[in-house]
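Residue 265 is where the sequence shown starts when you use my numbering, and the numbers rise one by one after that. Glycine included, every Cβ here is placed at the ideal spot set by N, Cα and C. One structure is given here, and the rest of the page talks about it.
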Amino acid sequence: MDDLFRALALFALIAANAFFVIGEYSIVTARRGPLRARGGKGAEAALRLMEDPVRVISTVQVGITGVGILTGAVGEPVVRDLLGDWLPHWASFIIAFAVVTYLSVVFGELVPKALTLDRAERLAARVARPVEWMAKVLRPVVWVLQGSGALLLRPFGITEVMAGESVRTPEELREIVDEAEGSGVIPRAQEELLHNVFDFATREVRDVMVPSPDVTWLEASVTGQEALQVVIDTSHQRYPVGTESLDHLVGIVHIRDLIASPEEPVGELSRPAMVVPMTKDLGALLRELREARQVMAVVVDEYGGTAGIVTLHDVLEELVGEIESEFDLPNNELVWVDEHSVAVSGSMTIDDFNEAVGSRLPQRGPRTLAGLAFDALGRRPEPGDVARVDGAVLHIEAVEDLRITKLRIDLSPSL
């Protein structure tokens with residue numbers, strides 16, 4: 265009878281160990297969203313425990329340690345008695361230890377962990393209330409253990425045992441998104457959108473603006489009727505207005521004002537422009553455009569000169585990708601010439617080029633391909649000049665004033 269009781273006690277202790285393992289893993293790994301959607305007292309208890317995972321782990325470890333000690337004390341005599349007296353004491357002890365360890369590891373650790381990985385939220389909702397009750401009962405013990413741990417960690421400069429959620433780095437989040445797309449959890453389009461969101465947080469206005477040499481602007485002294493010819497040729501809705509150059513900014517004019525008052529000077533029809541520095545991050549710009557109810561801003565450099573313009577359209581494209589309307593002309597910014605050669609616009613950013621062709625041109629200096637070629641060349645560019653950057657050969661094909669407008673880039677297979 266005593267042997268049967270001790271055998272039942274052994275299996276009960278292994279089951280208790282499995283319960284503690286499920287309690288720890290399910291509550292630590294469960295996701296809040298599915299738990300909130302599940303509802304119920306168990307889910308609510310799990311959500312409360314998730315606010316302090318260190319407390320959960322400490323409570324469970326007290327239980328696992330106690331159960332482990334009792335399992336060894338109860339299990340070894342049970343197995344040794346089953347073996348009988350025909351083995352030496354040391355041999356029966358080793359066999360008993362191995363059997364108890366095997367049962368504890370397989371049924372008390374591995375199986376519960378495997379079950380938890382597949383159904384963390386469901387199990388968390390079921391075990392949370394008992395674990396929460398245990399946390400209250402064992403609070404003094406946990407307090408003593410955590411205090412002792414804090415004292416031991418203090419010489420190493422760690423003043424407290426940190427509680428709360430672990431913080432994911434952007435790189436870790438990218439890996440999670442890639443794994444989710446690779447396993448079919450999210451489609452490719454959603455993966456690209458999430459990556460764009462991560463990139464958006466690091467982008468500045470200068471990364472998306474239209475540089476001033478590429479900006480179509482209107483002279484303040486011309487009439488609305490004269491300006492409409494420019495509108496017909498370029499098909500924009502809003503235009504910056506300046507006097508002699510964009511550095512002498514007057515404002516921004518909408519084409520409907522030009523149509524409504526064709527005889528008025530454009531300068532009189534313009535409205536105050538929203539001005540932003542080129543180093544402003546895109547998140548702040550998006551918020552300011554929304555608050556000001558504007559769709560265009562003029563970008564200035566550190567010296568107060570006009571560096572370009574940026575629109576709400578430019579900002580949103582960083583999140584959702586290229587947005588084209590039925591009036592847009594075909595995008596010839598990048599055209600493949602052959603397998604390893606591509607014709608590009610000098611105004612294309614290095615980041616966009618790397619993403620489009622899968623290359624790794626350096627981004628530590630100039631922002632555009634024209635700037636990269638100019639920097640590598642080190643002198644006034646001329647059509648036909650060749651520059652080499654990290655294995656890529658940049659052929660300069662067109663130059664306007666000092667500005668490189670077209671290039672052909674030969675990429676080595678290793679890029």
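Where residue i falls: helix, strand or coil (DSSP)
{"i": "Glu439", "result": "helix"}
{"i": "Leu675", "result": "coil"}
{"i": "Met398", "result": "helix"}
{"i": "Asp521", "result": "helix"}
{"i": "Tyr289", "result": "helix"}
{"i": "Ile321", "result": "helix"}
{"i": "Asp497", "result": "helix"}
{"i": "Pro541", "result": "strand"}
{"i": "Val622", "result": "A small fix is needed here, since residue 622 is Gly in this sequence, not Val. Three-state DSSP puts Gly622 in coil, outside helix and strand."}
{"i": "Ala571", "result": "strand"}
{"i": "Pro475", "result": "strand"}
{"i": "Arg452", "result": "helix"}
{"i": "Thr480", "result": "coil"}
{"i": "Gly515", "result": "strand"}
{"i": "Ala279", "result": "helix"}
{"i": "Thr433", "result": "coil"}
{"i": "Arg239", "result": "With the chain represented from 265 up to 679, any question about residue 239 goes unanswered, as that position is not in the structure."}
8 angstroms contact criterion, which residue i and residue j should meet: CB distance rounded
{"i": "Ser476", "j": "Ala561", "result": "The pair is not a contact, with the Cβ atoms about 13 angstroms apart (cut-off 8 angstroms)."}
{"i": "Val472", "j": "Asp578", "result": "5 angstroms"}
{"i": "Val331", "j": "Ala271", "result": "The pair is not a contact, with the Cβ atoms about 16 angstroms apart (cut-off 8 angstroms)."}
{"i": "Leu533", "j": "Asp521", "result": "4 angstroms"}
Beta carbon of residue i nearer than 7 angstroms to that of residue j
{"i": "Val326", "j": "Leu416", "result": "no"}
{"i": "His659", "j": "Arg667", "result": "no"}
{"i": "Val505", "j": "Leu482", "result": "yes"}
{"i": "Thr575", "j": "Val559", "result": "yes"}
{"i": "Glu373", "j": "Ala360", "result": "no"}
{"i": "Gly531", "j": "Ala484", "result": "yes"}
{"i": "Val474", "j": "Ile573", "result": "yes"}
{"i": "Ala389", "j": "Ile291", "result": "no"}
{"i": "Asp639", "j": "Val657", "result": "no"}
{"i": "Ser322", "j": "Val391", "result": "no"}
{"i": "Ala294", "j": "Ala384", "result": "yes"}
{"i": "Leu244", "j": "Val320", "result": "In the structure as shown, the chain begins at 265 and stops at 679. Residue 244 is therefore absent and cannot be evaluated."}
Residue i to residue j span [Cα, whole Å]
{"i": "Phe284", "j": "Arg557", "result": "56 angstroms"}
{"i": "Val599", "j": "Ser609", "result": "9 angstroms"}
{"i": "Arg631", "j": "Glu646", "result": "20 angstroms"}
{"i": "Val395", "j": "Arg296", "result": "17 angstroms"}
{"i": "Ile278", "j": "Val338", "result": "11 angstroms"}
{"i": "Pro451", "j": "Ala444", "result": "9 angstroms"}
{"i": "Gly413", "j": "Ala399", "result": "18 angstroms"}
{"i": "Gly585", "j": "Arg467", "result": "14 angstroms"}
{"i": "Val601", "j": "Val621", "result": "12 angstroms"}
{"i": "Gln627", "j": "Leu633", "result": "10 angstroms"}
{"i": "Val650", "j": "Thr480", "result": "30 angstroms"}
{"i": "Thr498", "j": "Gln489", "result": "15 angstroms"}
{"i": "Ala273", "j": "Ala282", "result": "14 angstroms"}
{"i": "Glu315", "j": "Phe371", "result": "29 angstroms"}
{"i": "Thr507", "j": "Glu555", "result": "29 angstroms"}
{"i": "Leu457", "j": "Leu583", "result": "6 angstroms"}
{"i": "Glu288", "j": "Leu367", "result": "20 angstroms"}
{"i": "Asp615", "j": "Val495", "result": "31 angstroms"}
{"i": "Glu552", "j": "Val375", "result": "54 angstroms"}
{"i": "Gln454", "j": "Ile333", "result": "50 angstroms"}
{"i": "Gly642", "j": "Thr613", "result": "19 angstroms"}
{"i": "Gly336", "j": "Val364", "result": "7 angstroms"}
{"i": "Thr329", "j": "Leu268", "result": "24 angstroms"}
{"i": "Ile523", "j": "Gln493", "result": "11 angstroms"}
{"i": "Asp463", "j": "Ala362", "result": "53 angstroms"}
{"i": "Pro419", "j": "Gly411", "result": "14 angstroms"}
Residue(s) in a DSSP beta bridge with residue i
{"i": "His659", "result": "Val650 and Arg672"}
{"i": "Ser509", "result": "Thr507"}
{"i": "Ala607", "result": "Val599 and Arg672"}
{"i": "Val664", "result": "The question names Val, but residue 664 is Glu in the sequence shown. Answer is Arg667."}
{"i": "Arg302", "result": "DSSP lists no partner for Arg302."}
{"i": "Pro529", "result": "Thr487"}
{"i": "Ala561", "result": "Met538 and Val574"}
{"i": "Glu468", "result": "Asp545"}
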